[in-house]
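Here's the structure we're looking at; comments come further down.
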């Protein structure tokens, strides 16, 4: 369990392949519309 009630998510390229030479990370998810920024 995360402090403050947050969630931890493990990114696994088996389920979402980012493509040749790409790394699956939060920036990739943001850039490709899988996540949106909550703002500051």
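In my numbering, the protein residues as written are 28 to 67.
Ideal Cβ positions, reconstructed from N, Cα and C, are used throughout, including at glycine.
(request) Find the nearest neighbour of residue 39 within the set 61, 47, 51, judged by alpha-carbon distance. (result) 51
(request) Following the continuous alpha helix (DSSP H) through residue 57, name the residue where it begins and the one where it ends. (result) 53 to 58
(message) Assuming residue 53 and residue 43 are in contact, meaning their beta carbons sit under 8 Å apart, how far apart are those beta carbons, in whole angstroms?
(response) Contact flag wrong, Cβ pair sits at about 12 Å.
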